[in-house]
Every structure is written in C-alpha cells, then in structure tokens.
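K.L.:
Below is one structure. I have some questions about it.
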Amino acid sequence: MTQVTDGHRTLLRTCPLCEAVCGLELTLDADDHVVSVRGDQADPFSKGFICPKGATLGHLDEDPDQLTEPMIRDRATDTWRTASWDEAFGVIRERLPQLTAAHGNQAAALYLGNPNAHTVAGALYVPLLIRALGTRNLFSASTADQMPKQVSSGLMFGDPLTVAVPDLDRTDYLLMLGANPLESNGSLCTAPDFPGRLRALKKRGGRLVVVDPRRTRTAKLADEHLFVRPGSDAYLLFGIVHTLFAEQLTEVRVEVAGLDEVRAAAAPFTPEVVAGRTGVPAATVVRLARELAAAPTAAVYARIGTCTAEFGTLTQWLVDVINVLTGNFDTPGGAMFATGAALGIVRSRPFRLGRWASRVRGLPEAMGELPVATLADEILTPGEGQIRALVTVAGNPVLSAPSGSRLDTACAGLEFMVSVDRYLNETTRHADVILPPARILQSSHYDFALLNFAVHNYARYSRPLVAAGGRMTEPEVLARLALALSGQEPRSASPRLPGLDPLTVVDEIVLAGTLHKAGMADRRHELLGRDTTEQRIDLMLRLGPFGEWNGGTLNLQVLLDNPHGIDLGPLQPRLPGVLRTASKKVELAPQPLLDDVTRLQARLDADAPEMVLVGRRQLRSNNSWLHNVPPLVGGSNRCTLHIHPDDVARLGLGGHAVVKSAAGTVTVDLEPTADIMPGVVSLPHGWGHGDSEQQVARVHAGVSANVLTDDSLVDAPSGNAVFNGVPVTLSPA
Ligand SMILES: Nc1nc2c(c(=O)[nH]1)N[C@H]1C(S)=C(S)[C@@H](COP(=O)(O)OP(=O)(O)OC[C@H]3O[C@@H](n4cnc5c(=O)[nH]c(N)nc54)[C@H](O)[C@@H]3O)O[C@H]1N2
Ligand SMILES: Nc1nc2c(c(=O)[nH]1)N[C@H]1C(S)=C(S)[C@@H](COP(=O)(O)OP(=O)(O)OC[C@H]3O[C@@H](n4cnc5c(=O)[nH]c(N)nc54)[C@H](O)[C@@H]3O)O[C@H]1N2
Ligand code: SF4
Ligand SMILES: [Mo]
Numbered sequence: 134m135t136q137v138t139d140g141h142r143t144l145l146r147t148c149p150l151c152e153a154v155c156g157l158e159l160t161l162d163a164d165d166h167v168v169s170v171r172g173d174q175a176d177p178f179s180k181g182f183i184c185p186k187g188a189t190l191g192h193l194d195e196d197p198d199q200l201t202e203p204m205i206r207d208r209a210t211d212t213w214r215t216a217s218w219d220e221a222f223g224v225i226r227e228r229l230p231q232l233t234a235a236h237g238n239q240a241a242a243l244y245l246g247n248p249n250a251h252t253v254a255g256a257l258y259v260p261l262l263i264r265a266l267g268t269r270n271l272f273s274a275s276t277a278d279q280m281p282k283q284v285s286s287g288l289m290f291g292d293p294l295t296v297a298v299p300d301l302d303r304t305d306y307l308l309m310l311g312a313n314p315l316e317s318n319g320s321l322c323t324a325p326d327f328p329g330r331l332r333a334l335k336k337r338g339g340r341l342v343v344v345d346p347r348r349t350r351t352a353k354l355a356d357e358h359l360f361v362r363p364g365s366d367a368y369l370l371f372g373i374v375h376t377l378f379a380e381q382l383t384e385v386r387v388e389v390a391g392l393d394e395v396r397a398a399a400a401p402f403t404p405e406v407v408a409g410r411t412g413v414p415a416a417t418v419v420r421l422a423r424e425l426a427a428a429p430t431a432a433v434y435a436r437i438g439t440c441t442a443e444f445g446t447l448t449q450w451l452v453d454v455i456n457v458l459t460g461n462f463d464t465p466g467g468a469m470f471a472t473g474a475a476l477g478i479v480r481s482r483p484f485r486l487g488r489w490a491s492r493v494r495g496l497p498e499a500m501g502e503l504p505v506a507t508l509a510d511e512i513l514t515p516g517e518g519q520i521r522a523l524v525t526v527a528g529n530p531v532l533s534a535p536s537g538s539r540l541d542t543a544c545a546g547l548e549f550m551v552s553v554d555r556y557l558n559e560t561t562r563h564a565d566v567i568l569p570p571a572r573i574l575q576s577s578h579y580d581f582a583l584l585n586f587a588v589h590n591y592a593r594y595s596r597p598l599v600a601a602g603g604r605m606t607e608p609e610v611l612a613r614l615a616l617a618l619s620g621q622e623p624r625s626a627s628p629r630l631p632g633l634d635p636l637t638v639v640d641e642i643v644l645a646g647t648l649h650k651a652g653m654a655d656r657r658h659e660l661l662g663r664d665t666t667e668q669r670i671d672l673m674l675r676l677g678p679f680g681e682w683n684g685g686t687l688n689l690q691v692l693l694d695n696p697h698g699i700d701l702g703p704l705q706p707r708l709p710g711v712l713r714t715a716s717k718k719v720e721l722a723p724q725p726l727l728d729d730v731t732r733l734q735a736r737l738d739a740d741a742p743e744m745v746l747v748g749r750r751q752l753r754s755n756n757s758w759l760h761n762v763p764p765l766v767g768g769s770n771r772c773t774l775h776i777h778p779d780d781v782a783r784l785g786l787g788g789h790a791v792v793k794s795a796a797g798t799v800t801v802d803l804e805p806t807a808d809i810m811p812g813v814v815s816l817p818h819g820w821g822h823g824d825s826e827q828q829v830a831r832v833h834a835g836v837s838a839n840v841l842t843d844d845s846l847v848d849a850p851s852g853n854a855v856f857n858g859v860p861v862t863l864s865p866a
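So for the sequence shown, my numbering puts the first residue at 134; every next one is plus one.
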C-alpha cells in the first residue's frame with residue numbers, strides 16, 4: 134500500500150507509543166525522512182484519530198540524541214565510546230557469566246520497561262533473556278503499574294492475562310476511577326480515540342461519572358465528577374457493594390463462587406463509614422449503587438490512579454465484583470473480555486500468587502516477577518543472592534520506580550550492567566554497555582499484548598517502513614544478547630541448526646515446538662513471511678481464535694492484504710471458556726483478597742496526612758522518554774506541582790515550594806489550580822533530566838516525582854508500588 138508521488142511515499146503503521154494503537158499514515162521523502170504523519174482514516178478501529186505524540190513520530194524517530202551504535206563505558210573515567218556489536222557482545226559474554234559463575238544466577242537481575250508491551254521484540258524475544266539469565270530477580274514496570282489488576286484477575290478468573298475491559302462503545306453508564314484518558318488515551322482498555330468514544334457515550338444518552346482527586350479534562354467532559362481522597366477508592370467501592378446487598382439490588386448473571394463471603398466482607402463498609410474516609414457523601418455512594426444497578430447496561434473501570442495506591446488489588450477486585458453484582462459482566466455494555474487474534478499463552482493451571490518471595494523483604498512473587506519497589510533493596514543488601522548485575526530492556530527505573538534516587542545509588546554500585554535502549558538516560562548511564570535497537574520505522578509492529586484488552590476485536594500488522602540499513606533490529610539484539618548472557622559464541626547457537634544466525638535459530642526452535650504442540654509439525658512449509666519472525670506471527674495468527682488452522686480465516690497474508698487493520702467484530706461473551714479457576718466459576722471472594730480486607734479495615738481510622746501527593750499524565754508526554762522531542766515540550770507539558778490556591782495561601786507559598794516526603798525532597802514550580810482537592814498536590818512523573826545528555830530534555834529538566842515516592846510502601850497482595858496518596862509536607866522555597 135505504498136503510494137508514490139514526486140519521490141514521496143505514503144506508508145501505514147501502527148503507532149507504538151501508547152495503548153491506543155492508532156493507525157498512522159506517514160509520508161516519507163526519497164531519503165526516508167518523515168514529512169508528515171496523519172491518522173489513518175481507513176483504520177476500522179482508530180478511524181483517523183491521532184494525538185500530538187503520534188504526530189511527532191518522525192521527530193522522535195530521527196532524534197539526533199538517539200544512539201545508533203553500541204556504547205561502552207569506561208568505569209575508571211566514566212566516559213563513553215562507541216563500539217562495534219561484536220565488541221559490545223564480547224564484553225557481555227566475558228563479564229556476566231563470570232559473575233554468575235562466582236555468585237550464582239540470582240546475582241543477575243532483569244528489568245523490563247513499559248515499551249516492551251508495545252514491541253514485537255518485547256512479546257516474542259524477551260522470554261529468551263529470562264531463560265538465559267535463569268534468575269528469580271525479574272522486575273518490570275508492571276509492578277509500578279497494573280499488577281493489581283493482573284493479580285485480582287488471576288485470582289478471580291484463574292488467569293492474570295484475562296482482564297475485563299469496559300464495553301465502551303455499547304455501555305449506558307460508565308463509572309471511571311483514577312483514569313484520565315483525555316490525556317493518556319487510556320490503559321488496560323485499548324480504545325483509540327477514547328475521548329471520542331466518551332463523547333459518543335454521552336451522545337447516545339449514556340452517563341459518565343469520573344472519580345478523581347483532580348477535576349481533569351475527562352472529569353470536565355463527564356456528567357458528574359466526584360473528588361475522592363487519594364488511596365481511598367476501595368472504601369468507596371465497598372460502600373457501593375454494601376449498598377447493592379443492603380438494598381437487594383444484586384442481579385448476578387454469571388456462575389460465581391463466594392457470593393456470601395463478599396456480602397460478609399462488605400458488611401462493615403456502610404455508606405456512612407466509607408464517606409468519612411473517601412470524602413464522597415453517603416447519599417452519593419447510595420445513589421451510585423442504585424444508578425449502576427438501574428442502568429440498562431453499566432461498567433466500572435478503574436486505572437492507574439487506583440492501581441498505584443495502597444489498596445490497589447482490593448480496588449481492582451471490587452471493580453469486577455460490582456460489574457458481576459449488577460449483572461454487567463461478560464455481557465454487551467458491561468465489562469467484557471476481548472479476543473486477541475494471536476495465540477496467547479495457554480495456561481493449564483489456575484494462577485497462583487506468591488510462589489516465592491523476595492530475599493530481603495519477603496514480598497510476594499506475582500506472574501514470575503518481584504516488585505520493582507524492592508529492586509534497590511536487593512541490590513544494596515549484602516548476602517547470598519544479592520544482585521550484582523542488571524540487564525534493563527526499554528526501561529528507565531531511576532525515574533519510574535519509587536524511591537528513584539535510592540535506585541540511582543544502587544545502580545551506581547552494580548558490578549555490571551547492560552541496557553537495551555535508544556537513549557543514554559538517567560538509568561542507562563549506569564550501564565557498562567548500551568545496545569541500541571534499530572529505529573522505530575525500521576521495526577515491524579503487532580500488538581500482542583494490547584489487543585487482548587481492546588474494546589473491539591481487531592488486528593493490524595505493520596512491516597518495517599524503512600530497511601534496517603545495517604542497524605540491528607531489537608529481535609536480533611535480544612537473540613544475540615541472550616547468547617552472550619549465557620556465555621555462548623554466536624556461531625555455537627545450536628549445533629542442530631548450523632550456519633543460521635542466532636535469531637533464526639531461536640525462531641526455528643519456537644516454530645518447531647509450537648507446531649508440534651498443535652499437532653501441525655508437518656505444516657512448517659505453509660507458514661508465510663519474509664523472515665522467521667513473520668513466520669512466528671503467521672503461526673500465532675493461524676492458531677489463534679480467528680485463525681485459519683482453528684476454523685477461521687486469519688493468517689499473516691490477510692493482515693498484509695489489509696494494512697489498515699481488520700475489524701474482528703464487537704466483544705463477545707466468553708464465559709465460562711476463558712476461566713482457568715479450579716471451580717470453573719468466577720471466584721468472587723479469593724482468600725488472599727479477603728485477607729487483605731483486614732488491612733483495609735485497620736486503616737479506616739488512621740489519621741489522614743495533612744497533604745498527600747498524587748501523579749498525573751500529560752497529553753504531550755510519555756512517561757520519561759518524550760522530553761527530547763522539541764514540538765512536545767513546553768506549554769502545558771511542564772513539570773509543575775498542581776496545588777489548590779487555598780493551600781498556597783494557608784502555607785504562605787510563593788512561585789515554588791520545597792516538597793518533602795519520607796523518601797526525599799524536591800523544589801518545584803507551583804501551578805495553583807482550583808481543579809485539585811485541597812490537601813492534595815499533583816506532580817507528573819518521568820521528569821528530572823538535569824544531568825541528561827539529551828539536549829532538549831536537559832533544558833526542560835523538571836524534577837522526578839519518584840524522589841518523593843517511597844519504596845517501603847506497597848500494595849500488599851501484588852507488591853505494586855504506591856505513587857498516589859504519598860504523605861508530603863510543603864514549605865516556601
Ligand atoms: N510517580 C509515578 N511513577 C510512575 C508512574 C506514575 O504514574 N507515577 N507510572 C508508572 C507506569 S504506569 C509505568 S508504565 C512506568 C514506566 O516505567 P519504565 O518503563 O521504566 O519507564 P519509561 O519512561 O517508560 O522508559 C522507557 C524506556 O524505554 C526506552 N525505549 C523506548 N522505545 C524503546 C524500544 O523500542 N526499545 C527499547 N529497547 N527501548 C525503548 C526509552 O528510551 C526509555 O529509556 O512508570 C511508572 N512510574
Ligand atoms: N500522554 C500520555 N499518555 C500516556 C502516558 C503518558 O505518560 N502520557 N503513559 C501511558 C501509561 S504507561 C499508562 S499506565 C497510562 C495510564 O493512563 P491513566 O490511568 O488514564 O493515567 P493518568 O492520566 O495518570 O490518570 C490517572 C488519574 O488518577 C488520578 N488519581 C491519583 N490518585 C488517585 C486516587 O487515589 N484515586 C482516584 N480515583 N484517582 C486518583 C490522577 O489525578 C489522574 O487524573 O497512560 C499511558 N498513556
Ligand atoms: S493516542 Fe497513543 S497510539 Fe494514538 S497517536 Fe497518540 S500516542 Fe499514538
Ligand atoms: Mo504504565
């Protein structure tokens with residue numbers, strides 16, 4: 134689908150920057166420079182929508198500060214030089230196996246950042262690194278993000294990847310907590326043009342209620358906005374559950390276990406009791422319960438503001454409990470499960486939480502990971518199993534993890550560190566070797582993860598728009614890195630498959646294994662694709678729910694023939710088929726969650742801190758890494774502290790203030806606004822580029838919110854970091 138006019142080509146690609154998976158139409162000149170980016174009008178899911186970030190994809194792709202060659206750091210002088218790929222992998226092959234031979238596999242850790250959820254490499258090739266390292270010290274941005282939802286889903290449905298999303302396009306009533314899709318474009322709810330979908334909800338006579346300690350742009354669009362005290366959403370939702378039972382408004386339409394236990398757990402949380410803690414009046418709690426029950430269809434949806442809080446998992450659990458109790462689960466207009474087109478991980482046994490615990494603090498494992506909130510502890514605390522080496526892939530935990538300055542110190546003391554990243558930044562500056570993958574436009578794209586959380590079933594594949602031109606793609610980097618981490622020469626990749634490059638060897642092994650398991654071992658030759666990565670995608674599509682080898686029609690060729698993406702229809706009811714619980718029912722009252730209710734109850738009467746910190750996202754930003762794109766920084770995209778004018782006056786503050794928490798201190802510019810609750814301040818995360826090598830980001834440095842957040846606080850069941858509701862004090866600067 135390339136149109137050529139006067140040397141310019143128009144090409145199609147999915148935007149890789151956020152969960153909205155918008156289709157883009159890019160125009161490139163004869164030298165492969167991006168001339169323009171527009172939304173792809175013919176994409177059946179995003180229908181031409183684009184945001185300012187997607188529109189600057191060309192600037193990002195050609196950012197002169199992006200690394201194009203491997204970098205090696207001289208530890209003695211702390212200076213960087215470029216290196217060949219062979220030299221870079223050679224250093225890794227020499228150093229890491231030596232370290233683990235001396236100190237055991239647990240001495241090496243892996244941290245996986247957010248973009249892994251958006252890349253083919255993250256989905257298909259990161260498992261290689263996990264296997265090569267053979268360590269339990271696996272960390273990711275998931276425990277600074279959505280782990281509470283995955284734990285609650287794992288316990289309720291048996292599979293932590295089976296996550297219900299609001300059926301946005303058909304619901305009549307949406308109760309949204311701790312999400313601001315007008316800035317973020319949505320999360321764990323893949324919905325390109327989320328703002329347009331909310332406007333459509335209102336237009337068809339539906340109702341949108343937003344619960345947030347800030348009157349956000351989403352709240353202003355809503356029919357009703359409720360301020361809530363940070364960290365108290367679980368109380369509010371329990372108040373709703375209590376009311377549904379008390380007023381006999383429940384209408385459970387799916388097979389569940391544990392209904393009586395939920396009723397008993399909700400008993401103490403009367404609307405009056407929770408009002409004191411949440412700031413939401415008792416009468417409002419009762420009305421919300423009645424409205425949810427009475428609406429023809431309704432869905433509760435809660436996101437990052439509620440996940441990264443003290444009771445994240447309980448909150449996520451109660452979201453689905455309410456959807457079940459009001460008869461809005463697995464039914465159009467309620468909360469539903471998407472059907473991703475690619476074959477997913479087939480889980481044979483129910484999800485289990487806490488199969489092992491972290492060494493220093495005994496925090497529970499979840500999905501094979503340990504909480505990032507304890508990464509610094511594991512590096513800094515001596516003893517057997519202490520982390521001495523770290524591999525990061527697409528992550529910037531020094532800015533994104535709680536107690537970031539402590540992690541900064543910890544990383545500085547590592548014996549060896551490798552980063553796969555496009556930038557030299559706050560985290561990768563501690564590495565010995567940085568391996569930069571090929572440009573975005575040189576990478577293929579398929580949303581393995583995000584399409585499982587979409588509000589409409591859909592698939593789209595993009596081939597690289599520009600030839601790799603000698604650059605190493607991220608799949609190649611990861612395949613060779615996995616070999617180097619296990620001390621192997623590229624040549625010796627597999628004696629059974631001689632003469633093949635490492636990536637092809639890996640792919641052939643996976644293809645053979647998957648074909649064998651599916652009973653299709655003799656059909657290897659039918660797989661389509663220019664390379665083995667594409668053949669893997671073809672196989673996953675063929676074996677997936679819509680696949681040609683599974684009674685459907687989908688394969689890679691269908692996606693290549695439909696470069697705007699294909700509409701696979703509205704969400705369908707999927708119970709009980711998706712359940713992996715032992716009971717084959719929805720588990721409404723899993724024991725680990727009932728246990729945590731005790732913690733919730735104990736905090737009911739705790740003294741509220743005078744001031745608490747919450748986060749916020751900014752439309753033209755993306756966590757820590759779009760601050761070097763000139764058209765995106767400045768204006769509304771600055772690192773300021775939102776604060777209510779009454780608090781400014783009460784505390785006698787000027788243009789900026791010193792903000793102090795148990796973890797650290799920052800001095801920050803104030804942006805007074807009546808759109809935030811008194812007693813709450815908000816600072817966006819991902820800033821703090823004062824020492825950055827990135828020319829633009831350094832000028833717009835800001836401060837890191839995670840200097841203030843405290844890694845000693847976690848959501849107990851999931852170990853997730855707490856970013857919202859952090860006690861702080863403010864004083865004049
Ligand atoms: N205080 C506070 N902290 C937060 C949050 C909050 O709300 N408040 N939010 C949390 C959330 S939700 C998340 S997801 C985390 C994010 O945490 P991280 O993932 O650790 O941080 P990012 O800023 O997303 O860093 C992404 C990194 O990937 C690199 N990168 C970009 N594209 C690619 C690619 O294609 N390949 C490779 N190899 N590298 C790439 C970038 O250069 C950057 O270094 O932050 C969390 N931290
Ligand atoms: N433009 C932009 N888009 C992004 C990102 C970005 O950095 N910039 N990051 C991406 C990532 S990694 C993610 S995970 C998603 C997140 O997407 P969203 O979940 O929509 O995240 P936010 O926009 O931060 O909205 C969270 C809201 O929670 C509110 N909040 C804070 N504490 C509480 C609380 O205790 N209770 C309640 N009810 N609300 C609270 C905050 O005021 C804020 O308005 O966005 C993604 N999209
Ligand atoms: S909303 Fe997200 S996916 Fe869509 S253009 Fe913007 S950054 Fe890209
Ligand atoms: Mo995130």
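All C-beta atoms, glycine included, are put in the ideal place defined by N, C-alpha and C.
#1: Are H822 and R146 close, meaning C-beta to C-beta below 9 angstroms?
#2: Sorted by chain position, which residues of the same chain lie with C-beta nearer than 7 angstroms to E720's C-beta, five sequence neighbours on each side aside?
#3: For my contact list, A432 and P299 are in at a C-beta cut-off of 8 angstroms; report their separation, rounded to the angstrom.
#4: Let me make sure I understand the geometry here. Which of S320, L377, L334, A312 has the alpha-carbon closest to that of R350?
#5: Would you call K353 buried or exposed, if buried means 16 or more other Cβ atoms sit within 10 Å of its Cβ?
#6: N456 by DSSP, collapsed to three states: which one?
#7: Going by DSSP, what residue range makes up the beta strand (DSSP E) through W213?
#8: Under the assumption that N857 contacts A442 (Cβ atoms under 8 angstroms), give the Cβ distance between them as a whole number of angstroms.
#9: Taking only heavy atoms of ligand 2 into account, decide whether any of them is closer than 8 angstroms to the Cβ of T439.
#10: Could you pull the DSSP bridge partners for G156 from this structure?
#11: Please report the straight-line C-alpha distance between V836 and G812, rounded to a whole angstrom.
#12: State buried or exposed for D510, treating a residue as buried only when at least 16 other CB atoms are found within 10 Å of its CB.
#13: Distance, Cα to Cα, D326 vs A153?
#14: Per DSSP, what are the beta-bridge partners of L712 in this structure?
#15: Between P149, L150, L157, which has its C-alpha nearest T143's C-alpha?
#16: Can you list, in chain order, every residue whose CB sits closer than 5 angstroms to a heavy atom of ligand 3?
#17: Run through the DSSP bridge pairs and tell me what K336 is partnered with.
#18: Where do the ends of the beta strand (DSSP E) carrying I567 lie?
#19: Flag N247 as yes when its Cβ comes closer than 8 angstroms to any non-hydrogen atom of ligand 4, and as no otherwise.
#20: With a cut-off of 8 angstroms on the beta carbons, I'd call T666 and V259 a contact; round off their distance for me.
#21: Just reading off the beta strand (DSSP E) that S286 is part of, what are its end residues?
#22: Assuming contact is defined by CB atoms lying nearer than 9 angstroms, are T464 and P706 in contact in what I supplied?
#23: Which residues mark the beginning and the end of the beta strand (DSSP E) in which R171 is found?
#24: Using a threshold of 9 angstroms, state whether the C-beta atoms of G445 and D198 are closer than that.
#25: Mapping the DSSP letters down to three states, classify V762 as helix, strand or coil.
#26: Would the beta-carbon of L99 fall within 9 angstroms of that of L644?
#27: Comparing the CB of Q279 with every heavy atom of ligand 4, is any distance shorter than 8 angstroms?
#28: Where do the ends of the beta strand (DSSP E) carrying I205 lie?
#29: Identify, in the order they occur along the chain, each residue of the same chain with its Cβ nearer than 6 angstroms to the Cβ of E826, setting aside the five sequence neighbours on each side.
#30: Does the beta carbon of N857 fall short of 8 angstroms from some heavy atom of ligand 2?
P.N.:
Concretely, from the data shown:
#1: No, they are not a contact pair.
#2: Taking C-beta separations shorter than 7 angstroms and ignoring five residues to either side along the sequence, the partners of E720 in its chain run L288, M289, A390, G391, T714, following chain order.
#3: That belief holds up - the Cβ atoms of A432 and P299 are roughly 4 angstroms apart, short of 8 angstroms.
#4: A312
#5: The residue in question, K353, is exposed, as its Cβ has fewer than 16 Cβ neighbours within 10 Å.
#6: helix
#7: DSSP places W213 inside the beta strand (DSSP E), whose first and last residues are 212 to 215.
#8: Rounded, the Cβ-Cβ distance is 5 angstroms, consistent with contact.
#9: Yes - ligand 2 has a heavy atom lying nearer than 8 angstroms to the Cβ of T439.
#10: Bridge partners of G156: T147.
#11: 21 angstroms
#12: So D510 counts as buried.
#13: So the two alpha carbons sit approximately 7 angstroms from each other.
#14: In the DSSP secondary-structure assignment, L712 is not bridged to any residue.
#15: L157
#16: C148, L150, C151, A153, C155, I183, C184, K186, G187, N318
#17: Looking at the DSSP assignment, K336 forms no beta bridge with any residue, so it has no partner.
#18: 566 to 568
#19: yes
#20: Wrong, their Cβ atoms sit about 14 angstroms apart, outside the cutoff.
#21: Run containing S286: none in the beta strand (DSSP E); it sits in the alpha helix (DSSP H), 280 to 290.
#22: yes
#23: 167 to 172
#24: no
#25: Residue state, collapsed to three classes: coil.
#26: Any question about residue 99 goes unanswered here, given that the chain covers just 134 to 866.
#27: Yes, ligand 4 has a heavy atom inside 8 angstroms of this Cβ.
#28: 204 to 207
#29: L557
#30: yes
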